[in-house]
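J.: Note that the protein sequences, when read in sequence, are chains A and B.
Using the working numbering, read the first sequence as starting at 1 and increasing by one per residue.
Using the working numbering, read the second sequence as starting at 286 and increasing by one per residue.
Protein chains: 2
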Amino acid sequence: MATALETVEEHRSHGGIQGVYRHASASTGTDMTFSVFVPEHEEGTKLPVLWFLSGLTCTHANVTDKGEFRAACAEHGIVFIAPDTSPRGENVPDDEAYDFGQGAGFYVDATQDPWAEHFRMRSYIEQELPELVGGHFPIDMNRQSITGHSMGGHGALTVALRNADRFRSVSAFSPIASPLACPWGEKALGGYLGADRQAWREYDACALIEDGARLPALLVDQGTGDGFLEEQLKTELLIEICEKAGMPANIRFQDGYDHSYYFISTFMAEHVAWHARHLKQSGAE
Amino acid sequence: MATALETVEEHRSHGGIQGVYRHASASTGTDMTFSVFVPEHEEGTKLPVLWFLSGLTCTHANVTDKGEFRAACAEHGIVFIAPDTSPRGENVPDDEAYDFGQGAGFYVDATQDPWAEHFRMRSYIEQELPELVGGHFPIDMNRQSITGHSMGGHGALTVALRNADRFRSVSAFSPIASPLACPWGEKALGGYLGADRQAWREYDACALIEDGARLPALLVDQGTGDGFLEEQLKTELLIEICEKAGMPANIRFQDGYDHSYYFISTFMAEHVAWHARHLKQSGAE
Numbered sequence: 001m002a003t004a005l006e007t008v009e010e011h012r013s014h015g016g017i018q019g020v021y022r023h024a025s026a027s028t029g030t031d032m033t034f035s036v037f038v039p040e041h042e043e044g045t046k047l048p049v050l051w052f053l054s055g056l057t058c059t060h061a062n063v064t065d066k067g068e069f070r071a072a073c074a075e076h077g078i079v080f081i082a083p084d085t086s087p088r089g090e091n092v093p094d095d096e097a098y099d100f101g102q103g104a105g106f107y108v109d110a111t112q113d114p115w116a117e118h119f120r121m122r123s124y125i126e127q128e129l130p131e132l133v134g135g136h137f138p139i140d141m142n143r144q145s146i147t148g149h150s151m152g153g154h155g156a157l158t159v160a161l162r163n164a165d166r167f168r169s170v171s172a173f174s175p176i177a178s179p180l181a182c183p184w185g186e187k188a189l190g191g192y193l194g195a196d197r198q199a200w201r202e203y204d205a206c207a208l209i210e211d212g213a214r215l216p217a218l219l220v221d222q223g224t225g226d227g228f229l230e231e232q233l234k235t236e237l238l239i240e241i242c243e244k245a246g247m248p249a250n251i252r253f254q255d256g257y258d259h260s261y262y263f264i265s266t267f268m269a270e271h272v273a274w275h276a277r278h279l280k281q282s283g284a285e
Numbered sequence: 286m287a288t289a290l291e292t293v294e295e296h297r298s299h300g301g302i303q304g305v306y307r308h309a310s311a312s313t314g315t316d317m318t319f320s321v322f323v324p325e326h327e328e329g330t331k332l333p334v335l336w337f338l339s340g341l342t343c344t345h346a347n348v349t350d351k352g353e354f355r356a357a358c359a360e361h362g363i364v365f366i367a368p369d370t371s372p373r374g375e376n377v378p379d380d381e382a383y384d385f386g387q388g389a390g391f392y393v394d395a396t397q398d399p400w401a402e403h404f405r406m407r408s409y410i411e412q413e414l415p416e417l418v419g420g421h422f423p424i425d426m427n428r429q430s431i432t433g434h435s436m437g438g439h440g441a442l443t444v445a446l447r448n449a450d451r452f453r454s455v456s457a458f459s460p461i462a463s464p465l466a467c468p469w470g471e472k473a474l475g476g477y478l479g480a481d482r483q484a485w486r487e488y489d490a491c492a493l494i495e496d497g498a499r500l501p502a503l504l505v506d507q508g509t510g511d512g513f514l515e516e517q518l519k520t521e522l523l524i525e526i527c528e529k530a531g532m533p534a535n536i537r538f539q540d541g542y543d544h545s546y547y548f549i550s551t552f553m554a555e556h557v558a559w560h561a562r563h564l565k566q567s568g569a570e
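Dropping the structure here:
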């Protein structure tokens with residue numbers, strides 16, 4: 001049986017429907033909100049899906065408003081889903097900082113109090129939300145790809161590395177390459193998972209690759225004018241580990257671009273087209 | 286001499302620069318903020334410009350974030366300028382309603398107290414801002430076109446009807462066709478200009494056409510799912526007056542689209558391409 005899904009809003013856009021939906025999440029124990037763009041399609045057909053995981057402070061709304069993905073998704077016939085970045089609400093623990101607590105779930109299942117009860121974004125993104133949307137939208141769950149930005153780039157990489165058979169292709173915009181090796185990651189994984197850094201490795205793209213995980217296809221764009229590049233994102237660690245592992249990866253530096261949606265929106269259509277090529281290749285319907 | 290212009294922010298986007306700028310306006314007696322997208326171009330060349338006037342409650346930011354105009358402007362080599370919709374600030378009169386006062390300037394020069402001192406958006410858009418941007422950005426002021434949304438569609442139409450020699454082409458998204466004939470217009474023009482409806486005619490697209498003004502080329506898109514269509518926008522009045530005047534106009538109804546930026550962004554690239562054709566035709570450099 002399909003779980004109850006509340007329609008928050010729906011708008012016709014680029015020939016399809018851009019919607020925002022809310023549901024009671026069993027993973028987080030809260031209401032969760034996400035957006036879905038469904039392009040125009042023949043009744044009864046199922047479309048491939050591209051997941052977009054957002055960065056620190058974001059909700060579904062940032063990419064939905066500013067991502068400029070709809071024209072490309074309409075052209076290629078791809079459903080686009082943008083989840084929230086954490087559980088939210090008055091009864092959910094929070095932190096005053098922008099990089100921890102609500103809006104900063106880091107796509108982990110927290111094990112430490114007070115976070116463990118609600119901050120279960122890994123289970124939410126890996127299991128609950130795919131099952132939910134598969135029952136409500138015209139999606140062919142055998143054709144999934146994933147992308148994301150910053151913390152959400154970290155999310156896309158690590159979710160895909162742990163579930164390589166689920167995704168045809170993986171991309172990221174200015175991802176956090178290694179939470180084990182940057183202040184954002186040290187703070188968040190330390191807070192949510194505790195001091196044992198061994199437990200962090202399944203949430204670190206570089207460590208997962210080092211430990212043997214592989215991606216089917218990887219595209220990364222990183223702006224050279226991004227103020228977080230040197231201290232937090234450390235793209236060079238991802239390049240090094242891919243080379244060391246012999247894993248094909250197209251990791252590009254884009255001259256003068258910063259960390260904003262002005263950067264993401266510039267390369268979004270290209271990412272969607274790249275995913276479309278992988279989503280349309282072979283594979284069972 | 287160029288007037289002082291403060292750079293609020295600049296981001297590389299779609300190969301060009303998306304900036305936000307602030308200056309002390311002589312027209313409004315306040316600081317005014319606007320955004321400019323300058324596509325990549327050869328040093329020393331000047332580009333045509335497309336003005337976008339925004340709707341009720343908006344600042345420059347709405348279309349800058351959600352308008353999806355940059356890819357098309359980059360492709361066609363067009364500068365895109367988005368002004369604010371009114372003077373703002375603690376010392377500027379305001380009204381609690383969303384459709385009057387700050388955020389609702391209606392592109393008029395107010396004559397009534399307390400609005401007359403600051404609410405001079407006609408002078409600002411018609412004279413001050415073009416002179417300012419001409420001195421600061423690589424714009425060929427002989428190649429201008431204009432568009433806008435809702436109240437800003439009304440603005441685009443009326444600014445262009447009063448200054449037909451300035452613009453190569455005019456378009457609008459869900460414009461207010463006739464402020465004389467709708468509650469938004471009755472309230473705003475009554476408040477800013479007083480009870481004499483004769484004085485409103487130069488701010489009413491239908492009245493201006495009736496009084497002999499003409500546009501060089503007109504494209505309008507209007508969603509059929511727009512909740513403001515029947516009471517406020519009244520597209521049929523614009524269709525009727527264009528037919529009566531024998532003025533060529535392409536006024537299109539778009540099935541199921543509403544009044545939001547999900548609608549605007551869907552047709553933005555087409556509007557930019559249409560303006561580009563007019564901006565590139567003949568004409569002195």
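Built from N, CA and C at the ideal position, the CB exists for glycine as well.
Since Pro-423 (chain B) and Lys-331 (chain B) are thought to touch, with beta carbons under 8 Å apart, how far apart are those beta carbons, to the nearest angstrom?
T.: Right, the Cβ-Cβ distance comes to about 5 Å (below 8 Å), so this counts as a contact.
J.: Check whether the segment 376–391 of chain B touches the segment 352–365 of chain B, taking contact to mean three or more Cβ pairs, one atom from each stretch, closer than 8 Å.
T.: Verdict: no, contact absent.
J.: Since Ser-13 (chain A) sits in a beta bridge, which residues does DSSP pair it with?
T.: The partner list for Ser-13 (chain A) (beta bridge, DSSP) reads A:Gly-16.
J.: Per DSSP, Asn-250 (chain A) is paired with what?
T.: In the DSSP output, where bridge partners are listed per residue, Asn-250 (chain A) has A:Leu-219.
J.: Return helix, strand or coil for Ser-408 (chain B), following the three-state DSSP convention.
T.: Looking at Ser-408 (chain B) - three-state DSSP - the assignment turns out to be helix.
J.: Counting C-beta neighbours from all protein chains within 10 Å, is the total for Glu-570 (chain B) 16 or more, i.e. buried, or is it exposed?
T.: Low confidence applies to Glu-570 (chain B): its pLDDT is 40, below 50, so where it sits in the model is not reliable, and the reading given next is rough at best. So Glu-570 (chain B) counts as exposed.
J.: Taking the alpha carbon of Leu-523 (chain B) as the point to measure from, which residue in B:Cys-491, B:Leu-503, B:Met-317 has its own alpha carbon closest?
T.: Nearest of B:Cys-491, B:Leu-503, B:Met-317 to Leu-523 (chain B), Cα basis: B:Cys-491.
J.: Under 8 Å, Cβ to Cβ, is there at least one residue of chain B near Gly-256 (chain A)?
T.: Chain B, which has a Cβ nearer than 8 Å to the Cβ of Gly-256 (chain A), makes this yes.
J.: Rounded to a whole number of angstroms, what is the C-alpha to C-alpha distance between Lys-519 (chain B) and Ser-463 (chain B)?
T.: So the two alpha carbons sit approximately 7 Å from each other.
J.: Pull up the distance between the alpha-carbon of Ala-273 (chain A) and that of Arg-407 (chain B), whole angstroms please.
T.: Cα to Cα, the separation comes out at about 43 Å.
J.: Just the C-alpha distance for His-421 (chain B) and Val-323 (chain B), rounded to the nearest angstrom, thanks.
T.: If I take the Cα positions, the gap works out to 11 Å.
J.: So Leu-338 (chain B) packs on Gly-433 (chain B), CB below 8 Å; how close in whole Å?
T.: With 8 Å as the limit, Leu-338 (chain B) and Gly-433 (chain B) qualify as a contact, their Cβ atoms being about 3 Å apart.
J.: Taking only the alpha-carbon atoms, compute the straight-line gap between Met-286 (chain B) and Asp-226 (chain A) and give it to the nearest angstrom.
T.: Note that Met-286 (chain B) scores 46 on pLDDT, short of 50, meaning its location in the model is unreliable and no value can be drawn from it.
J.: For Glu-291 (chain B), which residues of its own chain have a beta-carbon under 8 Å away from its beta-carbon, when the five flanking residues on both sides are left out?
T.: Closer than 8 Å at Cβ, skipping near neighbours: Tyr-306, Arg-307, His-308.
J.: In angstroms with no decimal places, state the Cα-to-Cα distance between Pro-468 (chain B) and Lys-529 (chain B).
T.: C-alpha separation (whole angstroms): 24 Å.
J.: So with Cβ pairs under 8 Å, would you call Gln-18 (chain A) a contact of chain B?
T.: True, the Cβ-Cβ gap to chain B drops below 8 Å.
J.: What are the start and end residues of the alpha helix (DSSP H) that includes Phe-263 (chain A)?
T.: Here the alpha helix (DSSP H) through Phe-263 (chain A) covers 261–280.
J.: Check whether the Cβ of Glu-40 (chain A) lies closer than 8 Å to any Cβ atom in chain B.
T.: Chain B contact via Cβ: absent.
J.: Buried or exposed for Pro-372 (chain B), going by 16 or more other Cβ atoms inside 10 Å?
T.: Label assigned to Pro-372 (chain B): buried.
J.: Starting from Thr-551 (chain B), find everything on chain A with Cβ-Cβ shorter than 7 Å and list it in chain order.
T.: Within chain A, the residues near Thr-551 (chain B) are Ser-13, His-14.
J.: Determine the closest residue to Ser-545 (chain B) out of B:Thr-509, B:Glu-521, B:Ile-302, B:Arg-451, with distance taken between C-alpha atoms.
T.: Out of B:Thr-509, B:Glu-521, B:Ile-302, B:Arg-451, B:Thr-509 has the C-alpha closest to the C-alpha of Ser-545 (chain B).
J.: As an exercise, report each continuous beta strand (DSSP E) stretch of at least 3 residues that is fully enclosed by the segment 97–162 of chain A, in chain order.
T.: The qualifying runs are 139–148.
J.: Measure the alpha-carbon distance for Leu-341 (chain B) versus Gln-517 (chain B) and round it to whole angstroms.
T.: If you take the alpha carbons of Leu-341 (chain B) and Gln-517 (chain B), they lie about 12 Å apart.
J.: Alpha carbon to alpha carbon, how far is Ala-195 (chain A) from Thr-318 (chain B)? Give it in angstroms, no decimals.
T.: C-alpha separation (whole angstroms): 48 Å.
J.: Whole angstroms is fine: what's the gap from Arg-537 (chain B)'s alpha carbon to Ser-456 (chain B)'s?
T.: Cα to Cα, the separation comes out at about 11 Å.
J.: Is the CB of Ser-260 (chain A) under 8 Å away from at least one CB in chain B?
T.: Yes, contact with chain B.
J.: Please specify which runs of the alpha helix (DSSP H), each continuous and at least 4 residues long, are wholly inside the segment 186–240 of chain A, giving them in chain order.
T.: DSSP runs (the alpha helix (DSSP H)) wholly in the segment 186–240 of chain A: 205–210.
J.: Specify the secondary structure class of Thr-7 (chain A) as computed by DSSP and reduced to three states.
T.: Looking at Thr-7 (chain A) - three-state DSSP - the assignment turns out to be strand.
J.: Looking at the strands, I want to know which residues DSSP matches up with Thr-461 (chain B).
T.: It should be noted that the sequence gives Ile, not Thr, for residue 461 (chain B). Its beta-bridge partners do not exist; DSSP assigns none.
J.: So, with DSSP's three-state summary, where would you put Thr-313 (chain B)?
T.: Thr-313 (chain B): coil per DSSP, three-state reduction.
J.: Chain A partners of Ser-350 (chain B), CB-CB under 9 Å?
T.: The sequence shown places Asp at residue 350 (chain B), rather than the Ser named in the question. Simply Asp-65, Lys-66, Tyr-261.
J.: Starting from the Cα of Gly-301 (chain B), find the closest Cα among B:Thr-313, B:Asp-379, B:Pro-378, B:Glu-327 and give me that residue.
T.: The shortest Cα separation from Gly-301 (chain B) among B:Thr-313, B:Asp-379, B:Pro-378, B:Glu-327 belongs to B:Glu-327.
J.: Mind listing which residues of the segment 214–225 of chain A have their C-beta closer than 9 Å to chain B's C-betas, in chain order?
T.: So the close ones are Gly-223, Gly-225.
J.: Determine, using beta carbons only, whether Ala-367 (chain B) and Val-393 (chain B) come nearer to each other than 8 Å.
T.: Cβ atoms of Ala-367 (chain B) and Val-393 (chain B): not closer than 8 Å.
J.: Enumerate in chain order the residues of its own chain whose CB-to-CB distance from Ala-502 (chain B) is below 6 Å, with the five nearest sequence positions on each side excluded.
T.: Contacts found: Ser-454, His-563.
J.: Where does Glu-570 (chain B) fall in DSSP's three states?
T.: Reliability of the predicted coordinates at Glu-570 (chain B) is poor, the pLDDT of 40 falling under 50, and no value is obtained from them.
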